[in-house]
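Peer 1:
Residue numbers (this note's numbering): 28 to 183.
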């Protein structure tokens, strides 16, 4: 029997940390099943190009939408998203031509490679989450963003 996939918002939530809503944490919901959160290869934090709005797996484009991902700000070129790999794998796939590769286009050879990255992030600190911090510069009148993932994987 096939399990019906649920939106990522069934498992994760965006908790606002300031009055502007641009500093927040994407974290597991309090009512999320531990069976889901303790699946080491299901959730992964990735960077992708703002102009793409997709990641590439096995030369196929998989678009990031509200069912399979929670994205951080679109104000910067290199975006960050928390992705539900199970939902992404069951999403519609479209052919990808390498001539459309941009600087931050996320590409993986297959879903096993993506799941391996998810396992590395999970093994570093358990259930993954990400915090977006907005810093306003009063002199330049611009806002910059930084990210704090729940894991740290050293360079090997």
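Positions of the beta carbon are idealized from the N, C-alpha and C atoms, including for glycine.
Being a predicted model, the structure only gives us computed values, none of them experimental.
Quick check: the Cα distance between residue 114 and residue 32, rounded to an integer number of angstroms?
Peer 2: Numbered from its first residue, the chain shown carries residue 114 at position 87. Numbered from its first residue, the chain shown carries residue 32 at position 5. Each residue's alpha carbon lies about 6 angstroms from the other.
Peer 1: How many angstroms separate the CA atom of residue 55 from the CA atom of residue 112?
Peer 2: Start at 1 with the first residue of the chain shown, and residue 55 comes out as number 28. Start at 1 with the first residue of the chain shown, and residue 112 comes out as number 85. In a straight line, the C-alpha of residue 55 is about 15 angstroms away from that of residue 112.
Peer 1: Would you identify the three-state DSSP class for residue 73, choosing helix, strand or coil?
Peer 2: Counting from one through the chain shown, the residue named residue 73 turns up at place 46. Of the three classes helix, strand and coil, the one that applies to residue 73 here is strand, per DSSP.
Peer 1: Could you check what DSSP says for residue 182 in three-state terms: helix, strand or coil?
Peer 2: The sequence position of residue 182 within the chain shown is 155, counting from 1. In this prediction, residue 182 has a pLDDT of 42, which is less than 50 and means its spatial position is unreliable; what the coordinates show is noted afterwards. Residue state, collapsed to three classes: coil.
Peer 1: In three-state terms, what does DSSP make of residue 162?
Peer 2: Looking up residue 162 in the chain shown gives position 135. Residue 162 falls in the strand class under three-state DSSP.
Peer 1: Put residue 43 into one of helix, strand or coil per three-state DSSP.
Peer 2: Taking the chain shown and counting its residues from 1, the one referred to as residue 43 is at position 16. Looking at residue 43 - three-state DSSP - the assignment turns out to be strand.
Peer 1: Compute the distance between the beta-carbons of residue 50 and residue 157, then report whether it is under 8 angstroms.
Peer 2: The sequence position of residue 50 within the chain shown is 23, counting from 1. The sequence position of residue 157 within the chain shown is 130, counting from 1. Going by C-beta atoms, residue 50 is not nearer than 8 angstroms to residue 157.
Peer 1: Measure the C-alpha to C-alpha separation of residue 110 and residue 174 and round it to an integer number of angstroms.
Peer 2: Locating residue 110 in the chain shown gives position 83, where the first residue counts as 1. Locating residue 174 in the chain shown gives position 147, where the first residue counts as 1. Spanning the two alpha carbons is a distance of roughly 16 angstroms.
Peer 1: Under a Cβ-count criterion, where at least 16 other Cβ atoms within 10 Å of its own Cβ denotes burial, should residue 105 be classed as buried or exposed?
Peer 2: Counted from its first residue, the chain shown places residue 105 at position 78. By the 10 Å Cβ count, residue 105 comes out exposed.
Peer 1: Do residue 67 and residue 169 have their CB atoms nearer than 8 angstroms?
Peer 2: Stepping through the chain shown from its first residue, residue 67 is reached at position 40. Stepping through the chain shown from its first residue, residue 169 is reached at position 142. No, Cβ-Cβ distance for residue 67 and residue 169 is not below 8 angstroms.
Peer 1: Runs of 4 residues minimum, wholly inside the segment 97-154: which ones carry the alpha helix (DSSP H) assignment?
Peer 2: Here the runs fully enclosed are 112-116, 138-152.
Peer 1: Would you please state the rounded distance, in angstroms, between the beta carbons of residue 120 and residue 88? I believe it to be under 8 angstroms.
Peer 2: Position 93 of the chain shown, counting from 1, holds the residue named residue 120. Position 61 of the chain shown, counting from 1, holds the residue named residue 88. Their Cβ separation, rounded to whole angstroms, is 7 angstroms, which keeps residue 120 and residue 88 in contact under 8 angstroms.
Peer 1: Tell me, to the nearest whole angstrom, how far the beta carbon of residue 176 is from that of residue 83; I am working on the premise that it is less than 8 angstroms.
Peer 2: For the purposes of this step, residue 176 is identified with residue 149 of the chain shown, where counting begins at 1. For the purposes of this step, residue 83 is identified with residue 56 of the chain shown, where counting begins at 1. At roughly 21 angstroms, the Cβ-Cβ gap does not stay under 8 angstroms, so residue 176 and residue 83 are not in contact.
Peer 1: Per DSSP, which residues does residue 60 bridge with? Please list them.
Peer 2: Stepping through the chain shown from its first residue, residue 60 is reached at position 33. Note: residue 60 sits in no beta bridge, so no partner.
Peer 1: Sorted by chain position, which residues of the same chain lie with C-beta nearer than 7 angstroms to residue 98's C-beta, five sequence neighbours on each side aside?
Peer 2: As a first step, residue 98 is located in the chain shown; it is residue number 71 there, counting from the start. Answer for residue 98: 91, 106, 108, listed in chain order.
Peer 1: Using the Cβ count rule (16 or more neighbours within 10 Å means buried), how would you classify residue 123?
Peer 2: What you label residue 123 is simply residue 96 of the chain shown in a count that begins at 1. Buried, since its Cβ has 16 or more Cβ neighbours within 10 Å.
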